[in-house]
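Quick notes on the structure that follows.
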Amino acid sequence: VDCGEGTQLRFLKQGLVFERVDAIFITHLHGDHCYGIFGLLAMLAMKGGKRPVLQDGSPVPVLVVGPKGLKAMIDGVYSHSQTQIQYPINYVEIDEGSIGNIGPQGECGWSVTAYPIVHRVPCFGYVFSEPVGPGGFDRTLAIEKGVPAGPLLGKLAKGVSVTLEQGQTISYADCVRPGLPGRKIVILGDTSDPSSLKEAAAGCDLIVH
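The sequence shown begins at 116 in the working numbering and counts up by one.
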């Protein structure tokens with residue numbers, strides 16, 4: 116989230132991998148929050164040969180999300196500098212004052228929603244929500260349902276349905292505990308009033324302001 120001019124230096128200092136960047140979220144278009152995106156996207160192009168590919172062999176696109184005008188800003192810099200980007204960039208621009216539902220991202224399935232917050236220019240805070248984790252096999256529940264400890268319980272734990280002596284069939288799905296709630300992370304841009312996120316941010320695990 117956000118991409119100031121020191122972003123690439125931070126990547127190098129922290130040992131982060133440029134090729135793993137698949138989404139960039141910009142809160143607002145003040146320079147200290149976005150002027151580093153031109154260099155970062157160009158660096159990703161330089162690393163193009165190492166970029167993950169889709170099943171058809173094409174490079175994985177980079178998602179760039181931010182206020183309206185972000186695409187024009189990036190296109191203008193690359194046009195005048197004759198910078199060539201060898202991978203697709205998918206832009207999502209959010210209208211001023213609107214809520215942007217970006218949807219699930221990548222294999223991790225985190226959903227992202229942008230909320231307008233008060234600043235001198237259009238500005239957004241982002242809520243990242245992790246899906247509920249998969250539930251695991253509940254041995255105690257299986258025994259309560261009549262599955263005896265031993266081979267039948269072991270078979271059920273491996274995902275195979277079992278039939279009890281009285282004829283009742285117990286499936287693995289019958290003995291799965293509820294999944295753990297996903298984490299929620301809220302990241303705000305510069306703002307004097309983030310109240311639009313009050314409900315969405317409730318119960319978050321981390322808020323950055």
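Quick reminder that beta carbons are idealized off the backbone N, C-alpha and C, glycines included.
It should be emphasised that the depicted structure is a prediction, and the values quoted were computed from it without experimental measurement.
What number of angstroms, rounded off, separates the C-alpha of Leu159 from the C-alpha of Asp190? The sequence position of residue 159 within the sequence shown is 44, counting from 1. The sequence position of residue 190 within the sequence shown is 75, counting from 1. Approximately 16 Å between the Cα atoms of the pair.
Helix, strand or coil for Asp289 per DSSP? Position 174 of the sequence shown, counting from 1, holds the residue named residue 289. Of the three classes helix, strand and coil, the one that applies to Asp289 here is helix, per DSSP.
Taking just the CA atoms, how far does Asp253 sit from Gly274? Position 159 of the sequence shown, counted from the first residue, corresponds to residue 274. Position 138 of the sequence shown, counted from the first residue, corresponds to residue 253. Whole-angstrom Cα-Cα distance: 12 Å.
What did DSSP end up calling Lys299 once you bin it into helix, strand or coil? By one-based count along the sequence shown, residue 299 stands at place 184. In the structure shown, Lys299 sits in a strand (DSSP, three-state: E or B).
Residue range of the beta strand (DSSP E) that Cys238 falls in? Along the sequence shown, read from residue 1 onward, the residue named residue 238 stands at position 123. Where Cys238 is concerned, the enclosing beta strand (DSSP E) stretches over Cys238 to Ser244.
Kindly indicate which three-state DSSP category Thr284 falls into: helix, strand or coil? As a first step, residue 284 is located in the sequence shown; it is residue number 169 there, counting from the start. Strand.
Inspect the CB distances between the region 239-248 and the region 277-290 and report whether three or more fall short of 8 Å. By the Cβ rule, the region 239-248 does not count as touching the region 277-290, because fewer than three pairs are nearer than 8 Å.
Thr142 lies in the beta strand (DSSP E); which residues open and close that run? In the sequence shown, counting from the first residue as 1, residue 142 sits at position 27. Going by DSSP, Thr142 is part of no beta strand (DSSP E) at all; its letter is neither H nor E.
DSSP state of Val192 mapped onto helix, strand, coil: Stepping through the sequence shown from its first residue, residue 192 is reached at position 77. Val192 falls in the helix class under three-state DSSP.
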